[in-house]
Each structure stands twice: as C-alpha cells, then as structure tokens.
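Peer 1: Once you've had a glance at the structure underneath, I'll fire off some questions.
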C-alpha cells in the first residue's frame, strides 16, 4: 500500500450529499446508475455514475445521503460527464457497499 502525506490527504474534499435522482445507465461497461446528488448551496448538484446495482435499487437510492469526493476534475464516462466520485467499499463478491454517514447531516458537510 502506498502511503500519502497529511497534506495530500487534506487536498481531497469529501462532502455529504443527498441523491436526488438515480437512473439506469445502459451505456456503461459495467452495470451502473447515473446519479444526481445535492451537495448544498456552496457546491450544488453534481452528476456521477456508480456501479452499485448489485445491492441498491433506484428507489433505495433516492433520498440516501452519501459521501463523495467533489474536487476531482470532471471525467467523461460514456455519454455523461461525471463531476464527483461516490465512495463505497468492495465486498469479496465485487459488489459495492456505499460509504454513508450514520446520522442525517446537512448537504455539503465536509469530512474533517
């Protein structure tokens, strides 16, 4: 495992957002959803894709708070421009469990 400095870690901006929309993403190479996530007034609404179809339905995702990296440059993923990275953990079977706050918190809250 490669180590990073504290300064490098401080450059990664993790924020909490609430999923507003989850749509199928048939153009993706692996089964995925297209997401629109509200990160509050400072950051606004950002788009992303997430390979989380194994454990989550679209209905499960609406209103769910997630933790995302919001300061990566936009990345073209098929026909959409991904604007943030939704975080999660891989299980042994390859499915992804979302990283989420355990209590409700305001959109845009920063990991400190």
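Numbering (the working numbering), first residue to last: -4 to 107. Virtual Cβ for every residue (Gly too), placed ideally from N, Cα, C.
1) Any chance the segment 75 to 87 sits against the segment 31 to 43, with 3 or more Cβ pairs inside 8 angstroms?
2) In three-state DSSP terms, what is residue 9?
3) At 3 residues or longer, what runs of the beta strand (DSSP E) sit wholly inside the segment 48 to 85?
4) From the DSSP output, read off the bridge partner residues of residue 17.
5) Taking the alpha-carbon of residue 91 as reference, which of 70, 103, 61 has the nearest alpha-carbon?
6) By Cβ distance below 6 angstroms, which residues in the same chain neighbour residue 26 in space, the five residues on each side in sequence not counted?
7) So which of 82, 24, 54, 59 has the shortest CA-CA distance to residue 67?
8) Between the C-alpha atoms of residue 31 and residue 15, what's the straight-line distance to the nearest angstrom?
9) Considering only residues of the same chain and omitting the five flanking positions on each side of residue 22, which have a CB-CB separation below 7 angstroms?
10) Name the DSSP beta bridge partners of residue 92, please?
11) As a quick exercise: from 52, 86, 39, 84, pick the residue whose alpha carbon is nearest that of residue 104.
12) What residue does the beta strand (DSSP E) around residue 45 start on, and which one ends it?
Peer 2: In short, the structure shows the following:
1) When Cβ pairs closer than 8 angstroms are counted between the two stretches, the segment 75 to 87 is seen to touch the segment 31 to 43, the count reaching three or more.
2) Position 14 of the chain shown, counting from 1, holds the residue named residue 9. For residue 9, the three-state secondary structure derived from DSSP is strand.
3) If we require 3 residues or more, the beta strand (DSSP E) runs fully inside the segment 48 to 85 come out as 60 to 64, 70 to 72, 75 to 77, 83 to 85.
4) Within the chain shown, the letter at position 22 stands for residue 17. Here residue 17 is bridged, per DSSP, to 30.
5) As a position in the chain shown, residue 91 is number 96, starting the count at 1. Shortest Cα-Cα distance from residue 91 to any of 70, 103, 61 involves 61.
6) To locate residue 26, count along the chain shown from 1; it is residue 31. Non-local C-beta neighbours of residue 26 in its own chain, meaning closer than 6 angstroms and more than five positions away in sequence, comprise 48, ordered along the chain.
7) Mapped onto the chain shown, residue 67 falls at position 72. Taking residue 67 as reference, the option from 82, 24, 54, 59 with the minimal CA-CA separation is 82.
8) As a first step, residue 31 is located in the chain shown; it is residue number 36 there, counting from the start. As a first step, residue 15 is located in the chain shown; it is residue number 20 there, counting from the start. Residue 31 and residue 15: Cα-Cα distance of roughly 6 angstroms.
9) Taking the chain shown and counting its residues from 1, the one referred to as residue 22 is at position 27. Excluding sequence positions up to five before and after residue 22, its CB lies within less than 7 angstroms of the CB of 73, 74, all in the same chain and listed in chain order.
10) Here residue 92 is taken as the residue at index 97 of the chain shown, counted from 1. Answer is 84.
11) Translated into positions along the chain shown, residue 104 becomes position 109. It is 39.
12) Stepping through the chain shown from its first residue, residue 45 is reached at position 50. Residues 40 to 45.
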